[in-house]
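Participant:
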Amino acid sequence: MMLNTALEYQTAYLLLGGNLGDREDNLRKAIALIAENIGSVVSISALYETAAWGKTDQPSFLNQAVAVETNFPAIEVLDKALEIEKNLGRVRKDKWGERLIDIDLILYGNEVIDIKNKLQVPHPHMQERRFVMAPLAEIAPVVVHPILGKTILDIFENITDKLDVKKL
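If you read the sequence shown in this note's numbering, its first letter stands for residue 6, the second for the next number, and so on.
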């Protein structure tokens, strides 16, 4: 008898963003590589134009949330996302600085993961950032935050962040 060693599928929610080059094309390329390397893309939000956060003296970002059905563990999803960033020309310089592409793992099923200095899921600041919650609320309104116990839509509707985020 053979044992099934494949992991069960999980829905991973990723936030993509970028503020350099052809922002829309960079997001499109990232989504294609996510589908190729991480799993089936099952939902994609609209594009959101967002003022820069944290380091404000830079061009505005385009952000987009993506839901992916994957059988890779969360740490591998992160590693594959970082490899996609690198393949698309991402160079890490300044924290919150300009970038061609950024791919963050926001949620992974209903799991809570904390691997020191490597991965925290749910993303520890997601509920404080309008540019994360607006596209995520569009594609995952009824998903429950595994720590806060509130839906994504409820968190978004009560967010205090006033950053300018426009749906395109």
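Glycine included, each C-beta is placed from N, C-alpha and C at the ideal position.
(1) Among Leu25, Asn42, Ala70 and Val46, whose alpha-carbon lies nearest the alpha-carbon of isoleucine 89?
(2) Taking alanine 35 as the reference, give the member of Arg134, Ile164 and Asn68 with the closest Cα.
(3) Under the three-state reduction of DSSP, which class applies to isoleucine 106: helix, strand or coil?
(4) Express the C-alpha separation of phenylalanine 161 and valine 149 in angstroms, rounding to a whole number.
(5) Assign lysine 167 to one of three DSSP states: helix, strand, or coil.
(6) Who are the Cβ neighbours of alanine 51 in its own chain at under 8 Å, not counting the five residues just before and after it?
(7) Using CA coordinates, which residue listed in Ala79, Val73, Leu83 and Leu105 is at the minimum distance from glutamine 63?
(8) Have a look at the DSSP bridge pairing and note the partners of phenylalanine 66.
(9) Let me know if leucine 21 comes out buried or exposed under the rule of 16 or more other beta-carbons within 10 Å of its beta-carbon.
Facilitator: By the coordinates alone:
(1) Position 84 of the sequence shown, counting from 1, holds the residue named residue 89. Nearest C-alpha to isoleucine 89: Asn42.
(2) The residue labelled residue 35 in the question sits at position 30 within the sequence shown. The shortest C-alpha separation from alanine 35 is found at Asn68.
(3) Residue 106 sits at position 101 when you count from the first residue of the sequence shown. Note: isoleucine 106 maps to coil in three-state DSSP.
(4) The residue you call residue 149 lines up with position 144 of the sequence shown. The residue you call residue 161 lines up with position 156 of the sequence shown. Rounded to whole angstroms, valine 149 to phenylalanine 161 spans 12 Å at the Cα level.
(5) As a first step, residue 167 must be located in the sequence shown, where it is residue number 162. It is coil, neither helix nor strand.
(6) Along the sequence shown, one-based indexing puts residue 51 at 46. Cβ neighbours of alanine 51 beyond the five flanking positions: Gln69, Pro140, Glu143, Lys172 and Leu173.
(7) As a working mapping, residue 63 is identified with position 58 in the sequence shown. Nearest of Ala79, Val73, Leu83 and Leu105 to glutamine 63, Cα basis: Leu105.
(8) Start at 1 with the first residue of the sequence shown, and residue 66 comes out as number 61. Paired residues: Thr55.
(9) In the sequence shown, counting from the first residue as 1, residue 21 sits at position 16. Answer is buried; the Cβ neighbour count reaches 16.
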